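S.K.: Under UniProt numbering, the sequence shown has 94 at position 94, and the numbering climbs by one with no breaks.
Glycine included, every Cβ here is placed at the ideal spot set by N, Cα and C.
Since the model is a prediction, treat every value here as computed from it, not as a measurement.
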Amino acid sequence: MADRDNKEGHCSKCGKTAASGINLKSCAKCRTTLYCSRDCQKADGRHKKGCVSNAATAESPVVGVDKPFHRLHAKTWLHDRPEQDVYKLLIDTYRLRMEDNYKLEDTVDEGSIYGSAPNGLKGFRHFLDLAESKGRLLPGWWSPEKRAACEGFGMKPGWSSLATKIGKQAVIKNYGAELMPMQLRLFSEQVYGRGPGGQDGALMIQFQMMAEGGEGHMTTIDASSMLN
1 MADRDNKEGH CSKCGKTAAS GINLKSCAKC RTTLYCSRDC QKADGRHKKG
51 CVSNAATAES PVVGVDKPFH RLHAKTWLHD RPEQDVYKLL IDTYRLRMED
101 NYKLEDTVDE GSIYGSAPNG LKGFRHFLDL AESKGRLLPG WWSPEKRAAC
151 EGFGMKPGWS SLATKIGKQA VIKNYGAELM PMQLRLFSEQ VYGRGPGGQD
201 GALMIQFQMM AEGGEGHMTT IDASSMLN
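1. Based on the DSSP output, what are the partners of Lys25 in its beta bridges?
2. Taking only the alpha-carbon atoms, compute the straight-line gap between Phe153 and Gln206 and give it to the nearest angstrom.
3. When the Cα atoms are used, what is the spatial distance from Leu162 to Gly120?
4. In the DSSP assignment, find the alpha helix (DSSP H) that holds Ser133 and state where it starts and stops.
5. Taking the alpha carbon of His79 as the point to measure from, which residue in Met182, Ala117, Arg194, Phe187 has its own alpha carbon closest?
6. For Thr57, name the three-state secondary structure that DSSP assigns.
7. With a Cβ-Cβ cutoff of 7 Å, do Cys27 and Cys11 count as a contact?
8. Could you tell me the boundaries of the alpha helix (DSSP H) in which Gln199 lies?
9. For the stretch 90-109 against the stretch 163-183, are there 3 or more C-beta pairs whose distance is under 8 Å?
10. Could you give the uninterrupted runs of the alpha helix (DSSP H) lying entirely in the stretch 152-208, keeping only those of 4 residues or more?
11. If we ignore side chains and look at the alpha-carbon of each, how far apart do Leu24 and Glu132 end up?
12. How would you call Gly140, buried or exposed, if buried means at least 16 neighbouring beta carbons within 10 angstroms?
13. In the DSSP output, what is Thr17 paired with across the bridge?
14. Near Val191, what residues of its chain come up, given a Cβ to Cβ distance below 6 Å and the 5 sequence neighbours on each side ignored?
15. By how many angstroms is the C-alpha of Leu138 removed from the C-alpha of residue 265?
16. Starting from Tyr94, follow the alpha helix (DSSP H) in both directions and report where the run begins and ends.
17. Looking at Ala43: is its Cβ nearer than 7 Å to the Cβ of Lys13?
18. Can the beta-carbon of Ile91 be found closer than 7 Å to that of Ser160?
19. What's the gap between the Cα of Lys65 and the Cα of Met209?
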């Protein structure tokens, strides 16, 4: 079966969807093509031929910002970033929170792929509604048009696909930053009003701000490190 448009989260080889309970994963090399298993990826000869060129055009990594925990404290974590970086961070905040809710609280959002949805668009829209209601969490350029672009970004194949799950280790590997899961979790707390498992991240932000200011050495402790 040939490669296809995976906006709805199909395995590029056999066509299975996230709705069938399959955890779709992107090709590790190009990050643009989804598969339900290693067997399907190995059997997809057509993709092997185009994977190198796809890898050259894969999503660029998110650009880091100075003192991210100071920005979290000021509720400006998403400000002064490229638009696509904001889209990626919003999507990953939502996806990691769904994973944490499932693992820590044994709760499932029916609008996510942990429920009966083929992708997490419905749940992500609710997440964006909450973020918009918090005032200054989103950058000043955010608008209905930018929101639509963000939602569309999550419907494309690749790392940011709302049809795929992510966990702590996958986030660390993708961003190349040990503290990125913590940043995503602390931002999700600002959106949802509570941290994963009911945790309060205020003290963690203070500790990390001290580390950023050179007042201590607390750079790798994650209050939610039990979530792998």
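M.R.: Here's the rundown:
1. Here residue 25 refers to the residue found at position 25 of the sequence shown. Paired residue(s): Tyr35.
2. Reading the sequence shown from its first residue, position 153 is the one you call residue 153. Reading the sequence shown from its first residue, position 206 is the one you call residue 206. In a straight line, the C-alpha of Phe153 is about 33 Å away from that of Gln206.
3. For this step, residue 162 is matched to residue 162 along the sequence shown. For this step, residue 120 is matched to residue 120 along the sequence shown. One C-alpha to the other measures close to 5 Å.
4. Taking the first residue of the sequence shown as 1, we reach residue 133 at position 133. Unbroken alpha helix (DSSP H) run through Ser133: 121-133.
5. As a position in the sequence shown, residue 79 is number 79, starting the count at 1. For His79, the nearest C-alpha among the options comes from Phe187.
6. Your numbering for residue 57 matches position 57 in the sequence shown. Note that Thr57 has pLDDT 40, beneath the 50 cutoff, so the model's placement of it is unreliable and the number below is only indicative. Three-state result, Thr57: coil.
7. Here residue 27 corresponds to residue number 27 of the sequence shown, with the count starting at 1. Here residue 11 corresponds to residue number 11 of the sequence shown, with the count starting at 1. It is not a contact, given that the beta carbons lie outside the stated cut-off.
8. For the purposes of this step, residue 199 is identified with residue 199 of the sequence shown, where counting begins at 1. It is not in any alpha helix (DSSP H) - Gln199 carries neither H nor E in the DSSP assignment.
9. yes
10. 168-175, 180-192
11. Position 24 of the sequence shown holds residue 24. Position 132 of the sequence shown holds residue 132. Looking at the two C-alpha atoms, the distance is approximately 29 Å.
12. Here the question's residue 140 lines up with position 140 in the sequence shown. The residue in question, Gly140, is exposed, as its Cβ has fewer than 16 Cβ neighbours within 10 Å.
13. The residue labelled residue 17 in the question sits at position 17 within the sequence shown. Partner(s): His10.
14. Within the sequence shown, the letter at position 191 stands for residue 191. Cβ neighbours of Val191 beyond the five flanking positions: Leu130, Ala131.
15. For the chain, the structure presents residues 1 to 228; residue 265 sits outside this window and is missing.
16. Within the sequence shown, numbered from 1, the residue matching residue 94 stands at position 94. Note, Tyr94: alpha helix (DSSP H), 83-100.
17. Here residue 43 is taken as the residue at index 43 of the sequence shown, counted from 1. Here residue 13 is taken as the residue at index 13 of the sequence shown, counted from 1. Taking 7 Å as the Cβ cut-off, Ala43 and Lys13 qualify as a contacting pair.
18. Here residue 91 corresponds to residue number 91 of the sequence shown, with the count starting at 1. Here residue 160 corresponds to residue number 160 of the sequence shown, with the count starting at 1. Closer than 7 Å, so yes.
19. To locate residue 65, count along the sequence shown from 1; it is residue 65. To locate residue 209, count along the sequence shown from 1; it is residue 209. Note that residue 65 is Val in the sequence shown here, rather than Lys. Cα to Cα, the separation comes out at about 14 Å.
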